[in-house]
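Okay, structure first, notes after.
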Amino acid sequence: MRNSFVLHLTALPHGVVNGRLHNCFCFHFQWEEVSIMDEKNVPIRTYQVCNVLEPNQNNWLRTDWIPRSGAQRVYVEVKFTLRDCNSLPGVTGTCKETFNLYYHESNEDRESYIKESSFIKVDTVAADESFTQVDVGDRIMKLNTEVRDVKVTTRKGFYLAFQDVGACIALVSVRVFYKTCPLTIRNLATFPDTVTGADTSSLVEVRGSCVNQSEEREEPKMYCGADGEWLVPIGGCLCNPGYQEKSGTCKACSVGFYKAKSSDPGCSKCPPHSHSVRDGATVCDCHSGFFRADSDPPSMACTQPPSAPQQLISVVNETSVVLEWAPPRRLGGRSDTSYNYPRPGSGSGSHLCLPCGSDVLFSPGQTGLKTTRVVVSELRAHTHYTFIVHAHNGVSQASGAGAAQSVSVTLTTNQAAPSPVSFIQATDVTRHSLSLAWQQPDRPNGVILEYEVKFYEKDQRERSYRIMRTFSRSVDVTGLNPLTVYVFHVRARTAAGYGEFSAPFEFSTNSDPFPLIGEGVNSAFLLLSISGVGILLLISAAVFIISRRRSKYSKTKQDSEEEKHLNPGVKIYVDPFTYEDPDQAIHEFAKEIDVSSIHIERVIGMGEFGEVCSGRLRVQGKREIYVAIKSLKAGYSDKQRRDFLSEASIMGQFDHPNIIRLEGVVTRCKPLMIITEYMENGSLDAFLRKHDGQFTVIQLVGMLRGIASGMKYLSDMSYVHRDLAARNILVNSNLVCKVSDFGLSRVLEDDPEAAYTTRIPIRWTAPEAIAYRKFTTASDVWSYGIVMWEVVSYGERPYWDMNNQDVIKAMEEGYRLPAPMDCPVVLHQLMLDCWERERAERPTFSQILNMLDKLIRNPGTLRRVGSEVCVSVVPQVCMPEWSMCVWLQSIGLERYRDTLAAAGYTSLDSLLALTHQIKPMHGQHIP
């Protein structure tokens, strides 16, 4: 935008006002005011000068004082005509075709005379086109227009002056103006009319102000450019709540609409069951009978509280109750329905109901439940209870809804196992014995029939424990080690079964042979006692040494069996199916987990009983861990529930780095879950097939070593796996292999006929297990040999596409799987040892573990692979098939091949010259 001070020379005598020049040109030496006709034959007034014949012309024409009006740079537009010097005869050297433009700044209009030296030159102005005498005759007017800019920033106004130095020129008009950026509205912010900067490249920063009914989103700014254009808009404003933008202003929302926040794009229609009755509403009011919670956004429909839950049913299990119900028929239009249980009332006979104690437990909780099932435990036996279930949602409190949203049920608990013993006391402590006494449980729940005492050395950590039973509340424990700390647990049994064990109580034996030695003890008796103890110690030491020497020459397999039964530190596996109540087994061997601490993330597979998911487990006081979650699908039978939980009862007894770890179970709400550690790489067979050929032999042997370590642990516990295969080995992110899937033992014992026709894994099973159903640790060793073959072959299917009958027939005929490609000879030999027909000839897992440890310590033994028939340590001796080396292998004398090769016996022909008179090399003995 341009603000102008315009001077048309036709109006010079009257001056220019309101942004125009105020007066005419004040002095004009040799300049004359002349009227001429323009190109439209309209007379105009001009200032002319044409002194071209005289040299050294200096003719000045000055304007009156021009106020600056805040401008920092003004523009002067001059329109003029100029005579061509060549068309004037005899003016050579004195005629010019240019004139000069000057300015002078001043604060006041009081300077009647200004020295020429006070003016500052702006520029010399030349004509683009000039006219001749002929042009004048033809009345062709050649008008020139030139614009010059002047920086005026130090005074309130200025003067302009035109200097003629010998031209024939006429000034037609002079217009003086400055540029501004015009008032504008951008992003709901008003930017005022702004004068441009002093320099042609300067930008003037301008802060805008928000329009009415708006607020700043970010400080609004723009820049006024030197050409009068707005540049670089930054920030802006937003219409206030209840208003929306229209044509650069903020208009109020009309009735029936609302706008809750400034950041909302515009007015929205009121959500269902709400209305607004005035313009500019920020929220819509709910209709009668409908409500909005404090946490509900204004865009949410108004809702109602739910109706009461439906079909409340209860299942009593001793002193526990399972409550289930259907959701309310009317949810009120919300999805946040939850259920609360006030503490139930209890009574007996006709007595009034009283609130129960704080020891009653609710699982998964008592308030804010999202599920329609709860397990209430720790109730009293033979007691009446009334349970009330309330349905709530986000607007229940706002609406004041109460009893109409609840449903109740009254029931009586059954006989139950007693609560744990709360305190144990030890008396009469000696070196090898002590006496225990305890009080009756707080809730006996019937007549106590028996007490069971479990104890073990503290250092053993329950790996090896003893059990004692008594009918009284005390027991004498003997056969203890002196100066040893023992941990004791006691539990009680009623007709309903055993209760839970008490918390651990620790007591230590002492070093005195008797509780107290008084002064009256005979010294001779003490001497004889000490002597007798010494003799017993000598005899025990002799027996120990003799037994150790004898055991050195016994079979290793017999050693392992004796250690298993004689070593008190070995915990023996307990079959959960020996328990009459499966819940007793699961609670003894597995920890119950609150379902609220489990976060399921995704489904990773399907198991026999339902989905298998991955997720996270966060137990209070511990860090969050990733877990695998097996769930029991809906509609299960009692048998399926027992079978499902039996696997957890088995896993819960194991504690080994190469056995899948059970984190716990969920049995108090649906669905039932088994929670185990999460193994990132899944099953071993699929993992190997995915990474075919990517591991070193040492890495593969390391995997096999881990599996063998886990199986040794199981065999030491007298547990037979029955289904050892690569598919049942899981691999974590560190390539640690862990034995899993303990379900086949349940299947084979529960329904052996069906198992043999549908479930037995023929390709992994030992011949005696297939033919006679004889499952032992030795049959697990056979299966381990198959697993070795799977690992070295990177997940190849054993016996390839042979059917089960062909596999059985081939095994009976002595066929064994050949060495996989690049399989070290020593590994294939270990496989063949595992596949011995006679199970007594197979190695134990302890021997297998020792062998693999030796291979890992001596990796050079793994260099010979199955593609080579024989490789000697003597340089350049590698014999072809059916060589002497193969013959030595066939007769069991392979260990002498290097000695014979060093002596020059490298073929069967040269071996014929060997007699008993030839001495062996390197001190070797050759039979």
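Going by UniProt numbering, 692 is the number at position 692 of the sequence shown; the sequence numbering is gapless. Note that beta-carbon positions come from the ideal geometry of N, C-alpha and C, so glycine has one too.
Can you list, in chain order, the residues of its chain with a C-beta nearer than 6 Å to that of residue i? Leave out the 5 residues immediately preceding and following it.
i, result
"Arg493", "Leu449, Glu450"
"Phe158", "Ile66, Tyr103, Glu105, Val152"
"Val315", "Val322"
"Glu39", "Met141"
"Ser209", "Thr190"
"residue 942", "The chain is shown from 1 up to 927; residue 942 falls before or after that span and cannot be answered."
"Thr132", "Asp84, Ser87"
"Glu77", "Val147, Arg175"
"Asp833", "Pro843"
Between which two residues does the alpha helix (DSSP H) containing residue i stretch?
i, result
"Gly702", "697-716"
"Glu588", "582-589"
"Tyr678", "Looking at the DSSP string, Tyr678 is not in any alpha helix (DSSP H), and its letter there is neither H nor E."
"Thr249", "Premise fails: Thr249 lies in the beta strand (DSSP E), 249-252, not in any alpha helix (DSSP H)."
"Glu768", "767-772"
"Ile629", "Counting along the chain, Ile629 falls outside any alpha helix (DSSP H), though it belongs to the beta strand (DSSP E) covering 625-631."
"Thr777", "777-792"
Given residue i, which residues of its chain have a CB within under 7 Å of its CB, disregarding the five upstream and five downstream residues?
i, result
"Glu111", "none"
"Ala585", "Pro576, Tyr579, Ser649"
"His390", "Tyr339, Asn340, Gln405, Ser406"
"Tyr573", "Gln653, Met717, Ser718, Tyr719"
"Arg217", "Gly235, Gly236, Cys237, Leu238"
"residue 929", "The question about residue 929 has no answer here: the residues shown for the chain are numbered 1 through 927."
Between the alpha carbons of residue i and residue j, how many angstroms are there, rounded?
i, j, result
"Thr758", "Asn804", "Residue confidence for Thr758 is low, a pLDDT of 49 falling below 50, so the modelled location carries little weight; the figure read from the coordinates is stated next. Roughly 11 Å between the two C-alpha positions."
"Met222", "Asp199", "18 Å"
"Thr371", "Pro306", "15 Å"
"residue 959", "Arg491", "One cannot answer for residue 959 here, as it falls past the ends of the chain, which runs 1 to 927."
"Asp336", "Asn393", "5 Å"
"Glu32", "Ser69", "31 Å"
"Leu7", "Val176", "Legend: pLDDT at Leu7 = 48, less than 50; position of this residue unreliable, no value from coordinates given."
"Thr173", "Lys179", "Before going further, note that residue 173 is Ser rather than Thr in the sequence given. Going from the Cα of Ser173 to the Cα of Lys179 covers about 19 Å."
"Pro55", "Pro89", "15 Å"
"Phe609", "Ile729", "19 Å"
"Thr386", "Ser363", "17 Å"
"Val731", "Tyr626", "14 Å"
"Ser511", "Tyr498", "35 Å"
"Asn317", "His587", "15 Å"
"Gly242", "Gln304", "26 Å"
"Pro875", "Lys854", "At Pro875 the pLDDT is 32, less than 50, meaning the model places this residue with poor confidence; the figure from the coordinates comes in the next sentence. About 24 Å."
"Trp835", "Trp782", "5 Å"
"Glu462", "Pro441", "23 Å"
"Tyr47", "Glu205", "42 Å"
"residue 1004", "Val375", "Nothing in the structure corresponds to residue 1004, since the chain is present only between 1 and 927."
"Arg292", "Gly332", "11 Å"
"Tyr113", "Val150", "22 Å"
"Ala252", "Arg62", "59 Å"
Mind checking which residues open and close the beta strand (DSSP E) that includes residue i?
i, result
"Leu411", "406-412"
"Trp230", "230-239"
"Ala648", "Per DSSP, Ala648 belongs to no beta strand (DSSP E); it is in the alpha helix (DSSP H), 638-651."
"Ile185", "184-186"
"Ala437", "434-438"
"Lys738", "737-739"
"Val375", "373-377"
Among the residues of its own chain, which have a CB less than 8 Å from the CB of residue i, if the five just before and after it don't count?
i, result
"residue 939", "Nothing about residue 939 can be read from this structure; the chain reaches only from 1 to 927."
"residue 928", "Residue 928 is absent from the model: the chain starts at 1 and stops at 927."
"Pro671", "Gly610, Ser631, Leu632, Lys633, Ala634"
"Glu812", "Pro767"
"Arg864", "Pro824, Val825, Val826, Val871"
Taking 8 Å as the threshold (beta carbon to beta carbon), is residue i in contact with chain C?
i, result
"Ser783", "Structure shown: chain C not included; a single protein chain is present."
Query raised in the report: How do the region 230-242 and the region 182-200 stand: do at least 3 beta-carbon pairs fall below 8 Å, yes or no?
Result: yes
Query - At least 3 beta-carbon pairs within less than 8 Å: the region 815-833 vs the region 769-776 - result: no
**Report entry** Validate contact between the region 94-103 and the region 167-179 using beta carbons, cut 8 Å, 3 pairs
**Finding:** yes
Query raised in the report: How about the region 692-704 and the region 847-867: do they share at least three Cβ pairs that are nearer than 8 Å?
Result: yes
Query raised in the report: Do the region 629-649 and the region 667-675 meet, that is, are 3 or more Cβ pairs less than 8 Å apart?
Result: yes
Query raised in the report: Quick one: complete alpha helix (DSSP H) runs, 4+ long, within the region 806-870?
Result: 825-834, 845-857
Requested in this report: Enumerate, from N- to C-terminal direction, the unbroken beta strand (DSSP E) stretches of 3 or more residues contained entirely within the region 99-134.
Outcome: 120-126
Query - Completely contained beta strand (DSSP E) runs for the region 293-325, where each covers 3 or more residues - result: 310-317
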